[in-house]
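All you need for the numbering used here is the position in the sequence shown, starting with 1, plus 80.
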Amino acid sequence: MESGSKPLLYHSEWCRSLRPIWLLAELGVDFKIKAYKWDDLQKPEYLSVDPGGRVPILEDAGIKMKESGAITQFLAEKYGKGRVTLPPGTPEHAAYCQWFHMAEASFMEPGVAALFHWALDSAKDPTVKARALKCITDVLQVLDKDLAHKGDQQYLITSHPTAADFMMGYPLVMMQDLQDIYKDVTGF
Ligand SMILES: N[C@@H](CCC(=O)N[C@@H](CS)C(=O)NCC(=O)O)C(=O)O
């Protein structure tokens, strides 16, 4: 393990490692990034960091951990001093927990599946493509409905960003990118 006094994040471009990076940048925490090209994640150097060849990995003061959500939660609680979390047991905290976990559990799956169909050419099959589009649209509608009640509020839960915004930001950036491929994802 390399970590010194600053948190160290292992990262690859446009990966889920953006979640804890956005969070630490928002908090103004001094941290280090070790960036790898996507293809290098399966090479021995990186496999010695994570045998699964995945990012993000966090090293911080003798701790090493994986999973972007777990890392984001850990960093938000350790460094946030309440700025990006919400008081437990409140309605805002319930919304925070919901969006924090939906980001990986519900929003990533349809985006990743659509990318696989596109990469494997199976998206050319109209039934497969329609199904992929429906799955993306279904989750986006949940978000759209929630945001409809928020007026001009820029963030999901309160007037300031919480860790849940950084979690949800990633699948939304990814789905925005997908629009080049799935042009029928419109209206959001
Ligand atoms: N659920 C994990 C997923 C980790 C993951 O699959 N990361 C992708 C990048 S976003 C990766 O490292 N992929 C490398 C590969 O598939 O070779 C998390 O949230 O950290």
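All C-beta atoms, glycine included, are put in the ideal place defined by N, C-alpha and C.
Please read these numbers as outputs of a predicted model, since none were measured by experiment.
Own chain residues within Cβ distance below 8 Å of residue i, not counting five before or after
i, result
"R134", "L121, K146"
"E157", "T165"
"E189", "C215"
"G132", "K146"
Cβ distance (whole Å) where residue i is taken to contact residue j below 8 Å
i, j, result
"T152", "F246", "6 Å"
"S92", "K117", "7 Å"
"S148", "E184", "7 Å"
"T217", "V265", "7 Å"
"L250", "L98", "In the sequence as displayed, the identity of residue 250 is Tyr instead of Leu. About 6 Å; that satisfies the 8 Å criterion."
Three-state secondary structure assigned by DSSP to residue i
i, result
"L138", "strand"
"M255", "helix"
"L166", "coil"
"I143", "strand"
"I261", "coil"
"K86", "coil"
"S97", "coil"
"G249", "helix"
"T217", "helix"
"V222", "helix"
"L121", "helix"
"G149", "helix"
"P269", "Lying outside 81 to 268, the shown extent of the chain, residue 269 is not represented and no answer is given."
"K230", "coil"
"Y235", "coil"
"K158", "helix"
Per DSSP, the bridge partner or partners of residue i
i, result
"H91", "A115"
Nonlocal neighbours in the same chain, by C-beta distance under 6 Å from residue i, ignoring five residues either side
i, result
"S186", "V219"
"V109", "Y159"
Spatial neighbours of residue i in its chain, beta-carbon cut-off 7 Å, leaving aside the 5 residues before and after
i, result
"H173", "L166, P167"
"P241", "E106, V164, Y235"
query: Which runs of the alpha helix (DSSP H) spanning at least 4 residues fall entirely within the stretch 177-212, listed in chain order?
result: Fully enclosed alpha helix (DSSP H) runs of 4 or longer: 188-199.
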